[in-house]
Amino acid sequence: MTPELRHLRYFVAVAEHLSFTVAARELHIAQQSLSQQIAALEHALGARLFDRDTRGTRLTEVGRVFLPEARAVLTHADAALETARRAVRGEVGRLRVAFLVSTANYMMPPVVRAFRERYPDVELLAEAVAIADLVAGLREDRYDAAFTRPPLVDDLVTATLVAEPVCAVLPAGHPLAGRAELRLADLAGEPWVLTPRGSWEPWHRKYDEDFRAAGFEPRVVQRADGVPSLLGLVAAGVGVTRLARSAHSLRRSGVAFVPLGGEQAKTVMAWHPARDRQAVRNLLDVAAGLAASIDLTEAG
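All residue numbers for the sequence shown refer to this note's numbering, where the first residue is 148 and numbers rise by one.
Here it is as structure tokens:
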């Protein structure tokens, strides 16, 4: 017989009380069963652990040597079990998070800071990536969660954190820059700068729908990867674009942000349903709790 943890627990209980009666009561088992289990342990070890006579129960020399080792094994086993339980609760381990630069400027700093304060034993690895890499990473288990913008794909789960106005982004001094609000149709005659169509097809399908609904097809004069590049082109007078208002924090000179009536941009947390573990839910709880307090007016 190979001794099990329960045999060690039985042995330690008897050794601490030097009484089979008291140990059996503490362990909530019959005294006869406890005696049988100790006998089985002694048989497996090939040595007696206790001497029992009319004077009581005493540890043998083997028992005295074995006791601290048995306690150490039980302590280590208890620690291992507690670590596993903490991992199940999402309190220890590693969390790999991807994010778009356009969500990082106002969302990621407070979320990462709050999550690390609440779960100091979780290693949070955050990485800025392009949208296509972000989605592929969630599907391929390179990321556990991501902060991004819809639309995405049907096989990912998303939870909306915040919604903010979409703005027309115009060169400073543009005739429309002083307006309190614009409609997308107001920009029908403007040159446009947009991201490459291949950067993320679901986004561009949505753009196409919006432009059709506004009654025009944009005259795209240049395409550029990423929000900072688009803002630079607008500031240089190459064309106009449209972005979430919080993108203003990435560039505060040379451009004007004017809300497009009725349009909103959402920031979502996304994850793959096959990896819906508690640590991901903990991150969502932290992000959702902070989302209500994020001042998007200040961000933009």
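For every residue, glycine included, the Cβ atom is placed at its ideal position computed from N, Cα and C.
Please read all numbers here as calculations on a predicted model, not as lab measurements.
Delimiting residues of the alpha helix (DSSP H) encompassing residue i
i	result
L214	208 to 235
P406	Looking at the DSSP string, P406 is not in any alpha helix (DSSP H); the run it does join, the beta strand (DSSP E), is 402 to 418.
R428	425 to 438
R359	348 to 361
L334	No alpha helix (DSSP H) holds L334; DSSP gives it neither H nor E.
Burial state of residue i (16 or more Cβ within 10 Å)
i	result
P343	exposed
H419	buried
G447	With a pLDDT of only 44 at G447, under the threshold of 50, the placement of this residue in the model should not be trusted; the figure read from the coordinates follows. Its Cβ being crowded by 16 or more others within 10 Å, G447 is buried.
E356	exposed
T250	buried
G362	exposed
R260	exposed
Q411	exposed
T201	exposed
G210	buried
A279	exposed
A332	exposed
H154	buried
E151	exposed
E364	exposed
A217	buried
M416	buried
Q184	buried
E287	exposed
Endpoints, beta strand (DSSP E) assigned at residue i
i	result
A170	No beta strand (DSSP E) contains A170, which is instead part of the alpha helix (DSSP H) from 167 to 174.
T250	Taken as a continuous stretch (DSSP letters only), T250 belongs to no beta strand (DSSP E), being part of the alpha helix (DSSP H) at 248 to 251.
R366	366 to 370
For residue i, the three-state DSSP class (helix, strand or coil)
i	result
P375	helix
F197	strand
S192	For the sequence presented, residue 192 should be read as Leu rather than Ser. DSSP places L192 in helix when its eight states are reduced to three.
A327	coil
E163	helix
V381	helix
L390	strand
T342	coil
L303	coil
A292	strand
A446	Below a pLDDT of 50, predicted positions are generally treated as unreliable, and A446, at 44, falls in that range; the measurement from the model is reported next regardless. Note: A446 maps to helix in three-state DSSP.
M148	coil
R241	strand
A283	helix
R205	strand
A310	strand
L315	The sequence as given places Ala at residue 315; Leu does not occur at that position. Note: A315 maps to strand in three-state DSSP.
A187	helix
H321	coil
A421	helix
R399	coil
Any non-hydrogen atom of the ligand SAM within 7 angstroms of residue i CB
i	result
D200	Absence of the ligand SAM from the depicted structure is noted, as is the absence of any ligand whatsoever, leaving it without description.
Own chain partners of residue i with C-beta closer than 8 angstroms, once the 5 adjacent residues on each side are dropped
i	result
T204	V161, L165, S166, F167, F197, D198
V313	R389, L390, A391, R392, P406, L407, E410, Q411, A412
G255	A quick correction: the sequence has Met, not Gly, at residue 255. So the qualifying residues of the chain are F246, A273, F294.
N489	With the chain represented from 148 up to 447, any question about residue 489 goes unanswered, as that position is not in the structure.
L221	L152, L155, R156, V159
H190	M148
V385	P338, V340, V368, Q369
Cut-off 6 angstroms between Cβ atoms - residues of its own chain near residue i, not counting five sequence neighbours on either side
i	result
G401	A319, A382
N429	G237
Beta-carbon contacts of residue i that lie in its chain and below 7 angstroms, excluding the five residues immediately before and after
i	result
T414	T250, M254, F294, R296, L308, V309
H321	A403
E445	Residue placement at E445 is poorly supported in this model, since its pLDDT is 47, which falls under 50; the coordinates are not used for a value here.
G373	V248
G431	One detail in the question is off: residue 431 reads as Leu in this sequence, not Gly. Answer for L431: A306, M416, listed in chain order.
R326	V405
A231	none
W347	I278, A279
R265	V433
*asked:* Suppose only complete runs of 4+ residues qualify. What are the alpha helix (DSSP H) ranges in the segment 251 to 281, listed by chain order?
replied: The alpha helix (DSSP H) runs of length 4 or more contained entirely in the segment 251 to 281 are, from start to end of the chain, 255 to 265.
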